[in-house]
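Written below as structure tokens is the structure these notes are about.
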Amino acid sequence: MNTRTKDDIAAAIARDIAGEHPDGAYVNLGIGQPTLVADHLPDGSGVVLHTENGMLAMGPAAHGDDIDPDLINAGKIPVTELPGAAYFHQADSFAMMRGGHLDVCVLGAFQVSAGGDLANWHTGAPDAIPAVGGAMDLAIGAKRVWVMMTLFDKQGTPKLVPTCTYPLTGVGCIERVYTDLATFAVGPDGVRVLEVHGIDVDGLVERMAPLELHLDRVVGSGTGR
Amino acid sequence: MNTRTKDDIAAAIARDIAGEHPDGAYVNLGIGQPTLVADHLPDGSGVVLHTENGMLAMGPAAHGDDIDPDLINAGKIPVTELPGAAYFHQADSFAMMRGGHLDVCVLGAFQVSAGGDLANWHTGAPDAIPAVGGAMDLAIGAKRVWVMMTLFDKQGTPKLVPTCTYPLTGVGCIERVYTDLATFAVGPDGVRVLEVHGIDVDGLVERMAPLELHLDRVVGSGTGR
Amino acid sequence: MTARICTGYDEAVAGTADGSTVLVGGFGMAGMPVELVDALVRQGAADLTIVSNNAGNGDTGLAALLATGRVRKIVCSFPRQTDSWVFDDLYRSGRIELEVVPQGNLAERLRAAGAGIGAFYSPTAVGTPLAEGKEVREIDGRTYLLEYPIHGDLALVKAHVADRMGNLVYRRTARNFGPVMATAASTVAVQVDRVVDAGALDPEAVITPGVYVDRIVPAAQEAAA
Amino acid sequence: MTARICTGYDEAVAGTADGSTVLVGGFGMAGMPVELVDALVRQGAADLTIVSNNAGNGDTGLAALLATGRVRKIVCSFPRQTDSWVFDDLYRSGRIELEVVPQGNLAERLRAAGAGIGAFYSPTAVGTPLAEGKEVREIDGRTYLLEYPIHGDLALVKAHVADRMGNLVYRRTARNFGPVMATAASTVAVQVDRVVDAGALDPEAVITPGVYVDRIVPAAQEAAA
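Chains as they are written, first to last, in UniProt numbering: chain A, 1 to 225; chain B, 1 to 225; chain C, 1 to 225; chain D, 1 to 225.
Here it is in structure tokens:
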């Protein structure tokens with residue numbers, strides 16, 4: 001089976017960001033896997049990374065002597081500063097996000113619904129300690145919010161679902177879902193399969209049931225095209 | 001008659017600011033006569049002047065080569081910068097004011113009511129072009145808002161009145177009124193005469209009628225004390 | 001999108017549609033983007049709503065724009081000045097609509113537009129004629145008015161220096177409305193004294209991060225053109 | 001009042017009353033005022049409400065304060081971290097109350113407190129469990145929640161350099177919550193790497209103007225004491 005690795009998915013997102021924003025995009029990459037996208041941005045893409053703890057033009061992770069405890073990303077990982085960087089406080093940083101000034105935000109997810117609802121902050125387990133961070137602000141803030149996740153959980157249950165069963169992070173906020181097996185557009189028109197990878201469309205439809213999939217625009221290895 | 005000049009009034013306000021804020025006060029001086037207060041602040045008072053167009057530690061008016069068109073006060077007069085100055089934008093400047101972080105604001109007035117209402121932005125004349133500037137924000141912003149004005153208009157009518165007849169700038173916002181003939185405390189307890197100058201108390205009571213004056217704490221030349 | 005360095009002022013205001021709301025920076029002449037306003041006069045868009053602290057000085061800049069008769073409405077805090085004869089005449093003859101907004105509310109409404117805030121409760125103007133028609137609410141013992149954001153289609157801003165990423169710094173009190181207006185408009189055009197390379201501005205001292213800026217005109221380049 | 005340079009951390013937190021709300025800066029350890037929090041542990045005030053982005057790391061600083069059992073409630077966006085065992089234990093055993101607030105709403109509610117805004121409508125958290133009990137309003141076709149200010153009795157902030165007027169600059173992403181918390185508390189205590197004379201900081205680059213700062217502890221002075 002020829003499924004995509006996290007790196008493949010990150011590369012696809014990076015390609016789409018660069019393709020849709022030829023003059024450079026302002027992008028926020030959520031904690032965890034979405035940060036991999038930064039490693040795949042093409043040279044000269046002009047993409048500027050925002051980290052919601054207060055910085056634009058964030059550079060790659062810092063190592064060795066470059067580590068400065070005052071310079072971290074939203075995941076509290078030491079990072080670096082690129083030429084043209086700017087620092088700002090939390091209210092200004094989230095004003096920038098909430099006001100819709102960032103082009104793309106890429107987040108991880110527990111679940112995404114067909115209509116674009118996002119659940120990524122709480123499993124709903126009664127003993128879990130709730131912690132939201134900036135997730136709810138990011139979910140509704142950027143012009144376009146994309147999700148990067150595996151399509152199925154460890155039990156084989158789809159994470160793209162008719163309706164989220166986990167507590168929501170945001171309503172109708174997700175536009176696209178990048179996964180190991182397929183890429184989807186979600187929203188008011190429902191779920192449209194954009195690409196498949198290492199799975200054929202019939203297999204995908206079967207495993208995703210009862211979720212209804214629009215298949216009129218599928219491309220990718222799974223279709224043989 | 002030994003009434004106070006504008007300079008005398010400004011000196012009295014400066015003395016009171018310094019007396020009530022021995023460690024230095026943050027003060028906004030309104031356009032026009034209140035700016036005279038700056039000239040009377042005692043050396044070492046530590047008073048820091050705010051100008052609502054975006055500056056703290058504003059210095060005296062600029063002259064000659066010191067004039068910089070980018071450095072003006074709220075009256076659009078060229079001013080100077082003192083050591084320890086800070087610049088900020090309009091939203092931050094009015095947040096500072098509205099949030100109650102300034103100790104004293106001194107404003108001019110058309111009328112002040114016994115309860116502390118202020119009218120200083122509009123005469124109510126039907127052909128007047130309304131223009132409020134920062135007056136309404138200043139009126140309700142500082143911890144203590146004081147007025148500096150002549151007690152009577154050119155027709156001899158008192159400007160400290162039972163109820164303002166001019167359109168209001170702010171409700172119940174004024175605490176003290178400094179005039180050429182007397183200084184008053186105003187507010188929920190009504191009008192209390194604090195000092196008189198060049199007018200005796202009986203004369204003051206008569207000219208201010210029907211406004212009721214509390215006289216239990218009067219000092220000054222008019223009483224002979 | 002990353003800011004574009006324009007070859008002239010006309011390019012920076014190109015495409016402004018009839019009926020646009022245009023935010024114009026400046027407090028008096030400090031921070032007034034005169035050359036951009038002149039370009040808007042040449043560009044010819046009509047039926048404009050202008051949002052600016054004042055309503056023009058003398059016969060140039062904003063006053064010249066008003067004189068074209070292409071401004072339907074002006075939203076400002078202080079239209080009436082000694083040299084605002086162009087506006088005064090239009091207003092008195094009923095040829096321009098005026099919305100007077102207290103200066104702090106004007107700044108905060110622009111900030112709200114940029115920060116994705118739907119509306120906010122301000123204590124400024126409570127009990128005054130400018131409260132007419134506004135929703136009133138008591139919160140924690142204090143009375144507030146509900147104020148809505150002011151969005152612009154275009155903002156014209158004057159800053160001091162831009163870097164090639166669009167980061168801006170201002171000069172002294174000329175900063176005034178620039179930073180908030182730059183957050184509040186769909187297209188932001190900025191005139192600057194000069195443009196420097198990315199990395200030449202101190203990232204700690206950037207006032208307007210490049211994410212807010214669309215078009216930049218350096219004065220030096222204009223002079224050389 | 002002008003800020004006071006304190007001789008030590010204990011002086012900076014002296015007088016903190018039982019039942020106080022204390023705002024604690026920092027995002028993870030960046031900008032965390034560890035020495036001021038340690039002083040608050042020694043000071044002994046109980047029944048505290050702490051407002052901070054996280055709920056303590058390891059066993060020092062905020063975690064040490066929680067471990068004293070003198071914190072009744074914590075308001076934060078992201079309590080759960082790999083090293084938040086002190087908080088986790090208190091929470092699971094029902095010995096601390098938790099209010100989870102999305103990070104952007106937390107910053108904006110602090111800003112509102114400092115800016116004199118009575119309440120504001122935020123689009124963040126609409127349709128999520130964190131919207132429970134909040135007033136909902138549709139404005140211009142979008143749904144918002146009504147959010148109230150968060151005022152502090154005391155703010156503990158870490159900055160980089162202060163001048164003798166109390167003006168502050170920060171370092172990189174350690175700026176985070178410091179500037180908004182400094183506006184939102186009745187008493188603001190700041191620890192800095194060093195104090196310089198008035199005039200030594202660039203007035204264009206001051207992030208927190210001195211008007212917001214009450215008490216300053218320079219690390220160098222503490223080391224020398």
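The beta-carbon is built from N, C-alpha and C at its ideal position, and this holds for glycine as well.
Helix, strand or coil at L23 (chain C) [DSSP, three-state] = strand
Any C-beta of chain D under 8 Å from that of P83 (chain B) = yes
Identified DSSP bridge partners for I5 (chain C) | C:I216
Close-in-space but distant-in-sequence residues of the same chain around M29 (chain C) (CB under 7 Å, 5 per side omitted) | N57
Buried versus exposed, by CB contacts within 10 Å (16 or more), D216 (chain A) | exposed
Please list the segments of the alpha helix (DSSP H) lying wholly inside the stretch 191 to 225 of chain A, counting only runs of 4 or more residues, in order along the chain.
-> 201 to 208
Any Cβ of chain D within less than 8 Å of the Cβ of G152 (chain C)?
-> no
Does the beta-carbon distance from L48 (chain D) to A12 (chain D) come in below 8 Å?
-> no
Tell me the start and end of each unbroken beta strand (DSSP E) in the stretch 44 to 68 of chain A that is at least 3 residues and wholly inside, in chain order.
-> If we require 3 residues or more, the beta strand (DSSP E) runs fully inside the stretch 44 to 68 of chain A come out as 48 to 51, 55 to 61.
Taking only runs of the alpha helix (DSSP H) that begin and end inside the stretch 119 to 186 of chain C, which ones reach a length of at least 4 residues, in chain order?
-> 178 to 184
Check the Cβ of H63 (chain B) against every Cβ in chain C and list those closer than 8 Å, keeping chain order.
-> Those within 8 Å of H63 (chain B) in chain C number zero; the least Cβ separation is about 17 Å.
Once you ignore the five residues that flank H160 (chain D) on each side, which residues in its own chain have a CB closer than 6 Å to its CB?
-> V169, Y170, R171, D193
Measure the Cβ-Cβ separation of G114 (chain D) and T183 (chain D) and say whether it is below 8 Å.
-> Contact annotation: G114 (chain D) and T183 (chain D) have beta-carbon atoms nearer than 8 Å.
Since A125 (chain D) and M136 (chain A) are thought to touch, with beta carbons under 8 Å apart, how far apart are those beta carbons, to the nearest angstrom?
-> 5 Å
Chain D contact residues for D202 (chain C), given Cβ-Cβ distances below 9 Å | D202, A205
State yes or no: is the C-beta of V132 (chain A) within less than 8 Å of the C-beta of L130 (chain D)?
-> yes
Are there three or more Cβ pairs, one per stretch, closer than 8 Å when the stretch 99 to 106 of chain D is compared with the stretch 78 to 86 of chain B?
-> no
What in chain C is Cβ-close to Y212 (chain D), meaning under 7 Å?
-> Within 7 Å Cβ-Cβ: nothing; Y212 (chain D) doesn't reach chain C, min ~17 Å.
Over the uninterrupted beta strand (DSSP E) stretch that includes F184 (chain B), give me the two end residues.
-> Residues 182 to 185.
Is the Cβ of Y166 (chain B) closer than 8 Å to any Cβ of chain D?
-> No, Y166 (chain B) lies away from the interface with chain D (no Cβ there is under 8 Å from its Cβ).
Partner residues on chain D for R98 (chain B), Cβ-Cβ distance less than 7 Å | A115, G116
So, helix, strand or coil for L48 (chain D), using DSSP?
-> strand
Below 8 Å between beta carbons: does that hold for I13 (chain B) and V37 (chain B)?
-> Result yes, Cβ atoms of I13 (chain B) and V37 (chain B) sit closer than 8 Å.
How long is the line joining the alpha carbons of A91 (chain A) and G203 (chain B), rounded to whole angstroms?
-> 56 Å
Roughly how many angstroms lie between the CA atoms of K6 (chain B) and D43 (chain B), to the nearest whole one?
-> 20 Å
Have a look at B:L118, B:A114, B:S113, B:G99 and flag the residue whose alpha-carbon is nearest the alpha-carbon of V106 (chain B).
-> Selected option, being the one with the closest Cα: B:L118.
Taking 8 Å as the CB-CB limit, is residue 235 (chain C) close to chain A?
-> Look at the range of chain C in this structure, 1 to 225, and you will see that residue 235 (chain C) is not part of it.
Take D103 (chain B) and list the residues in its own chain whose beta-carbon comes closer than 6 Å to its own, dropping the five residues that flank it on each side.
-> H21, A25, Y26, K143
What did DSSP end up calling R72 (chain D) once you bin it into helix, strand or coil?
-> strand
P123 (chain D) classed as buried or exposed, judged by whether at least 16 other C-beta atoms fall within 10 angstroms = buried
Near-chain D residues of the stretch 15 to 33 of chain B - C-beta to any C-beta below 8 Å = H21, D23, G24, A25, Y26
Kindly list, in the order they appear in chain C, the residues whose Cβ is closer than 9 Å to that of A74 (chain A).
-> Under the 9 Å cutoff, chain C gives no residues; its nearest Cβ is about 16 Å from A74 (chain A).
Determine, using beta carbons only, whether I129 (chain A) comes closer than 8 Å to chain D.
-> yes
Is the CB of E97 (chain D) under 8 Å away from at least one CB in chain A?
-> Not an interface residue.
Exposed or buried, what is I216 (chain D) when buried is set at 16 or more other beta-carbons lying within 10 Å of its beta-carbon?
-> buried
Check whether the Cβ atoms of G31 (chain D) and A185 (chain D) lie closer than 8 Å to each other.
-> no
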